[in-house]
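*Asks:*
Residue numbers (the numbering used here): -5 to 449.
#1: On the DSSP letters alone, give me the boundaries of the alpha helix (DSSP H) that residue 441 sits inside.
#2: Tell me whether the beta-carbon of residue 436 lies closer than 8 Å to the beta-carbon of residue 414.
#3: Classify residue 92: buried if its beta carbon has 16 or more other beta carbons within 10 angstroms, exposed otherwise.
#4: Beta-carbon within less than 6 Å of residue 379's beta-carbon, same chain only, minus the 5 sequence neighbours each way: which residues are those?
#5: Once you ignore the five residues that flank residue 80 on each side, which residues in its own chain have a CB closer than 8 Å to its CB?
#6: So is residue 390 buried or exposed if we call it buried at 16+ other beta carbons inside 10 Å?
#7: Is residue 195 helix, strand or coil by DSSP?
#8: Is it true that the CB of residue 181 sits closer than 8 Å to the CB of residue 128?
#9: Could you check whether residue 207 and residue 238 sit closer than 8 Å to each other, using their CB atoms as the reference points?
#10: Quick one: what does DSSP say residue 244 is sitting in, helix, strand or coil?
#11: May I ask you to verify whether the stretch 211 to 219 touches the stretch 163 to 172, counting CB pairs closer than 8 Å and requiring at least 3?
#12: Verify the CB distance criterion: does residue 439 have a CB-CB separation below 8 Å to chain C?
#13: Within 10 Å of its beta-carbon, does residue 66 have 16 or more other beta-carbons around it, so buried, or fewer, so exposed?
#14: What span of residues does the alpha helix (DSSP H) with residue 22 cover, start to end?
#15: Return helix, strand or coil for residue 6, following the three-state DSSP convention.
#16: Considering only DSSP beta bridges, list what residue 14 is partnered with.
#17: Let's test the definition: count the other Cβ atoms within 10 Å of the Cβ of residue 14 and tell me whether it reaches 16, buried, or not, exposed.
#18: Hey, out of 96, 324, 28, whose CA is closest to residue 44's CA?
#19: Helix, strand or coil for residue 131, going by three-state DSSP, please let me know.
#20: Restricting to runs no shorter than 3 residues, where is the beta strand (DSSP E) found entirely within the stretch 314 to 356?
#21: Just how far apart, CA to CA, sit residue 288 and residue 312?
#22: Per DSSP, which residues does residue 255 bridge with? Please list them.
#23: Okay, do the stretch 96 to 106 and the stretch 129 to 138 touch, 3+ Cβ pairs below 8 Å being the bar?
#24: Measure the C-alpha to C-alpha separation of residue 426 and residue 353 and round it to an integer number of angstroms.
#25: State whether the stretch 383 to 400 contacts the stretch 358 to 369, with contact taken as three or more CB pairs (one from each stretch) at a distance under 8 Å.
#26: Between residue 284 and the rest of its own chain, which residues show a CB-CB distance below 8 Å, the 5 nearest in sequence each way excluded?
#27: I'd like to check one pair, residue 334 with residue 382: are the Cβ atoms closer than 8 Å?
#28: Among 105, 88, 328, which one has its Cα closest to the Cα of residue 141?
#29: Threshold first: 3 residues or longer. Then list the beta strand (DSSP E) segments lying entirely within the stretch 65 to 113, N to C.
Structure, rendered in structure tokens:
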């Protein structure tokens, strides 16, 4: 019987070594894995934990990654993202990379390789000719999954969302299922990598044109997830693209990235920074008449502020937001990362009798960064105070998905989907994270589909 103390220590070591975080409903699985691995080495759970804590033990960390990782995937998963990749992203990259004629793609958390090979098929189909080189790198910490990826043989279940013409062109029937063609297999390579660790070669600046990292960030600790986002951003070429899972929002102003919307899909593009120009020669001095002072900035114009927010110009909106205790200002403070000030603003609104449901929702947004349980408590209050408020139900649904509670997630997401139809435009702008009504509706449907609910 694994003690609560041993289990807690095991989870802390997993966070340190793998960067993973665990929900309360994962207790049974982690206890089973701890008991099995200790038994495999002929050690007590305490001896095993001492050994795991005392040295790198790389091989054992790889075994743990294999025992604990979620490996379910299939080809062309989330077809809407691959549609955007084929119809928008790859054509733009081909136009701008015509000099190099190379397309480099990365699949982070590639599992058994379906995503990496899907990227290879999409890029090979899109390239103008065989003189273009396509390279896809798949990385994962699970050695068994990487072995399967290199074998490149898959069941018909893994191809359940693969169009028939794609299956006929890029897969060959074999005794155990289907094998990707040699052309696709040659484009992909697979690397064992723990995302909690750095790898200067893998994350070399400007190395990839496209990075897919889907449904991984939700399982990582906040610090590891933030560092992984920084590494991926640096590793993108100027104008390169990042695709995340539908629950992995970076907000509306991620550092170094622009938010893109197409066909109900949200993705990110590496911002191109123009090189500094050589300073122009200084003109000769001349007499000038004193100009009248510039007019003061007009503050506290809600319509102007909301217009700036719709354009994702949050810093400018904050400059003209006016009232230090207004809801809009509190939301803007959260958007630009001044979370402590945003939380203080929300609390002052509550004490002053301001918009209660909105203020509680703002507190939930602030708490999501440090304590999901506190965030859920605030979202529940917001939904109770205003049963027509869609946004807290949406956030509770996404948080439930991160915990692995698909039933609870489905309840909240179904409610959010209905409420979004009549949600106020102002609330969509304030609390939509830069996403409009259509994008939020698509997000709900996609997550419900992942929960096994068709809407």
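The beta carbon of each residue, even a glycine, is placed where N, CA and C say it ideally should be.
*Replies:* Reading it off the structure:
#1: Here the question's residue 441 lines up with position 447 in the chain shown. Run containing residue 441: 431 to 444, per the alpha helix (DSSP H) assignment.
#2: Mapped onto the chain shown, residue 436 falls at position 442. Mapped onto the chain shown, residue 414 falls at position 420. No, they are not a contact pair.
#3: On the chain shown, residue 92 is found 98 positions in, with the first residue counted as 1. So residue 92 ends up on the exposed side.
#4: The residue you call residue 379 lines up with position 385 of the chain shown. Cβ within range, chain order: 350, 351.
#5: Position 86 of the chain shown, counted from the start, is the residue given in the question as residue 80. Counting only Cβ-Cβ distances below 8 Å, and skipping sequence neighbours, we find 116, 119, 120.
#6: The residue given as residue 390 occupies position 396 in the chain shown. Buried, because 16 or more other Cβ atoms sit within 10 Å of the Cβ of residue 390.
#7: Numbered from its first residue, the chain shown carries residue 195 at position 201. The answer is coil: DSSP assigns residue 195 none of H, G, I, E or B.
#8: Along the chain shown, one-based indexing puts residue 128 at 134. Along the chain shown, one-based indexing puts residue 181 at 187. Going by C-beta atoms, residue 128 is nearer than 8 Å to residue 181.
#9: Counting from one through the chain shown, the residue named residue 238 turns up at place 244. Counting from one through the chain shown, the residue named residue 207 turns up at place 213. It is a contact, given that the beta carbons lie within the stated cut-off.
#10: Taking the first residue of the chain shown as position 1, residue 244 is located at position 250. Looking at residue 244 - three-state DSSP - the assignment turns out to be coil, as it is neither helix nor strand.
#11: no
#12: Absent here is chain C; the protein component of the structure consists of one chain.
#13: Mapped onto the chain shown, residue 66 falls at position 72. It counts as exposed.
#14: Residue mapping note: residue 22 aligns to position 28 of the chain shown, counting from 1. Per DSSP, residue 22 belongs to the alpha helix (DSSP H) from 21 to 34.
#15: Position 12 of the chain shown, counted from the start, is the residue given in the question as residue 6. It is helical.
#16: By one-based count along the chain shown, residue 14 stands at place 20. Its beta-bridge partners are 214.
#17: Start at 1 with the first residue of the chain shown, and residue 14 comes out as number 20. Counting Cβ neighbours within 10 Å, residue 14 comes out buried, since at least 16 surround it.
#18: In the chain shown, residue 44 corresponds to position 50, counting from 1. Here the closest residue by C-alpha is 28.
#19: The residue labelled residue 131 in the question sits at position 137 within the chain shown. Residue 131: strand per DSSP, three-state reduction.
#20: none
#21: Within the chain shown, residue 288 is the residue found at index 294, counting from 1. Within the chain shown, residue 312 is the residue found at index 318, counting from 1. At residue 288, the pLDDT of 40 sits below 50, so the modelled position is not reliable; the number obtained from the coordinates is stated separately. Each residue's Cα considered, the two are about 20 Å apart.
#22: Looking up residue 255 in the chain shown gives position 261. Residue 255 pairs with 260.
#23: yes
#24: Locating residue 426 in the chain shown gives position 432, counting from the first residue. Locating residue 353 in the chain shown gives position 359, counting from the first residue. For residue 426 and residue 353, the distance between alpha carbons rounds to 15 Å.
#25: yes
#26: As a working note, residue 284 is residue 290 in the chain shown. With a pLDDT of 45 at residue 284, under the threshold of 50, the modelled position of that residue is not reliable, and no figure is offered here.
#27: Start at 1 with the first residue of the chain shown, and residue 382 comes out as number 388. Start at 1 with the first residue of the chain shown, and residue 334 comes out as number 340. The answer is no: Cβ separation not under 8 Å.
#28: Along the chain shown, one-based indexing puts residue 141 at 147. It is 105.
#29: 96 to 102
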